[in-house]
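Data first, discussion second: the structure below is written as structure tokens.
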Amino acid sequence: MELSTKLVHFDAAPGDPYRPTSTPIYQTATFEQSSALGFGQYDYSRSGNPTRTVLEDQLARLESGQRAFAFCSGMAALSTVANVLSHGETVIVGSDLYGGTYRLLSKIVARRGIKVVTVDLCDLEEVEKVLTRETRVRLLLLETPTNPLQRIVDLRRISGLCRKAGAMLAVDNTMLSPYFQRPLELGADCVIHSATKSLSGHADLTAGAVITNNDKLSEAIAFLQNAEGNGLAPFESWLLLRGMKTLGARLERQQKTALRLARYLLGHPKIKAVYYPGLKGHTGHGLHRSQATGDGCLISFETGDRALSQRIVEETRLFTIAVSFGSIASTISLPCKMSHASIPAETRLERALPEDLTRISVGLEDGTDLIADLDRVLHLRPQSSGSKRMSKITV
Ligand SMILES: *Cc1c(COP(=O)(O)O)cnc(C)c1O
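Under the working numbering, the first residue of the sequence shown is numbered 1, with each subsequent residue one higher.
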């Protein structure tokens, strides 16, 4: 079955005698037991809830995994995977990571006696060296395309290197979602999501997910989800299930518009560089297309001028200034000041994250309107005021 069919065809209510076509929200904390010693499938919603189970089964199916676990945020999902590691073990991470993940690893995970080693994952020789040199490497965590620089990491080859070294490979697949990329099919042990982004698609909830084919990891994650109590609540599970049904329709349309915008920006004399893996000139375009079926809705670009970038962010009318991405409405941000501000300035510099970098998440608006909005601002003279209305609805 193709993914677009899977997205809308699944058992919405297993075992329900009324056969509802939309999953019921089992808004309950407890489930009655048949006797003091008789436990049913569910007893307490922290441990398991039927609405969350439908969501988790659907997530596993979409990512080609055996089991999935839904969490109250992407960070809760990442933190749970990190909690599988023990004192004295090592985690290797890509040098171009989501800011919150960097903060989790450097400020919390490292304090638990876990060594966090950063490496440029595009340099496979270096990855192999580090995997050989470091002791007790338990996990390698990566994103591809990376956010916001959209660098492409070779999933097949990294997964081969991890297997050889006896380390697990975890891929944060938030950028593309299973609609465009399924790392478990390419050898990863575990996929992590911030479902807050494209999976939900409407910027109306925060959620996260871990999907895996590794039985031992599955057991550990299931144990932690119950023990730590960070599983996704029934209402949010339902809302996410609802959003995911249109994932394919949204992403097809969003990436079509994103490519138009990327090409427009590339051709504009005031834009110095455009990062979008769908562009033929993008470093890693070929590799990307060999492991993903689409390019997503995020575009980053440089103007070479911090003030101009800020003006684009503040003066465009159809792009809401907001962190996050993947929603139905376009957003715009300066990653260094917003989503990636939790990375110290000197580290950002090391990672070549420029201050003028601007990031656009393309929504479902008409592409011609979006280009006209950018074009208007790029023609403005610098002295025009930087007063962005808080609500840009009044276009
Ligand atoms: C947003 C994001 C996260 C964190 O997820 P939350 O839902 O905000 O907790 C992790 N990884 C990536 C790549 C993200 O974009």
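By construction, the Cβ of each residue, glycine as well, lies at the ideal position given by its N, Cα and C atoms.
Since this is a predicted model, take the numbers as computed values, not measurements.
| Check | Outcome |
| --- | --- |
| Rounded to whole angstroms, what's the CA-CA distance from Leu-55 to Ala-195? Just pull it up for me. | 11 Å |
| Mind checking Glu-219: buried by the 16 CB within 10 Å criterion, or exposed? | exposed |
| Please report the distance separating the alpha-carbon of Pro-183 from that of Lys-164. | 18 Å |
| Spell out the partners DSSP gives Glu-302 in its beta bridges. | Ala-273 |
| If we count the other Cβ atoms within 10 Å of its Cβ and call it buried at 16 or more, is Arg-136 buried or exposed? | exposed |
| By a C-beta neighbour count over all protein chains shown, 10 Å radius and 16 as the cutoff for buried, is Ala-110 buried or exposed? | exposed |
| Could you pull out every residue in the same chain whose Cβ sits closer than 6 Å to the Cβ of Leu-406, ignoring the five residues on either side in sequence? | No answer is possible for residue 406: it lies beyond the span of the chain, which begins at 1 and ends at 395. |
| Are there 16 or more other CB atoms within 10 angstroms of the CB of Ala-44, so buried, or fewer, so exposed? | Looking at the sequence provided, one finds Tyr at residue 44 rather than Ala. It counts as exposed. |
| Check whether the stretch 78-95 and the stretch 120-134 are in contact - that is, three or more C-beta pairs closer than 8 Å. | yes |
| Does the contact criterion of 3 or more C-beta pairs under 8 Å hold for the stretch 173-187 versus the stretch 226-242? | no |
| I'd like to confirm something about Gly-100: is its beta-carbon nearer than 6 Å to some heavy atom of ligand 1, or not? | yes |
| Would you verify that the beta carbon of Thr-80 is, or is not, closer than 7 Å to some beta carbon of chain B? | No chain B is part of this structure, which consists of one protein chain only. |
| Evaluate the contact criterion for the stretch 352-362 versus the stretch 316-329: three or more CB pairs, one atom per stretch, below 8 Å. | yes |
| Between which residues of its own chain and Ile-393 is the CB-CB distance below 7 Å, once the five residues before and five after are set aside? | With a pLDDT of 46 at Ile-393, under the threshold of 50, the modelled position of this residue cannot be trusted; read the value that follows with caution. Around Ile-393: no qualifying Cβ. |
| Note down the Cα distance separating His-202 from Leu-378, rounded to an integer number of angstroms. | 28 Å |
| Can you tell me whether DSSP reads Cys-190 as helix, strand or coil? | strand |
| List the residues that DSSP assigns as beta-bridge partners of Thr-212. | Arg-67 and Cys-190 |
| Over what stretch of residues does the beta strand (DSSP E) that includes Glu-143 continue unbroken? | 137-143 |
| Examine the Cβ distances between the stretch 245-260 and the stretch 291-299 and report whether three or more of them are shorter than 8 Å. | yes |
| Comparing the CB of Ser-73 with every heavy atom of ligand 1, is any distance shorter than 6 Å? | yes |
| What's the gap between the Cα of Ser-309 and the Cα of Ile-299? | 14 Å |
| Whole angstroms is fine: what's the gap from Val-395's alpha carbon to Thr-316's? | Here the model assigns Val-395 a pLDDT of 37, short of 50, so the residue's position is not dependable, and the following value carries that caveat. Going by the C-alpha atoms only, they are around 10 Å apart. |
| For the alpha helix (DSSP H) that contains Leu-266, what are its first and last residues? | 247-266 |
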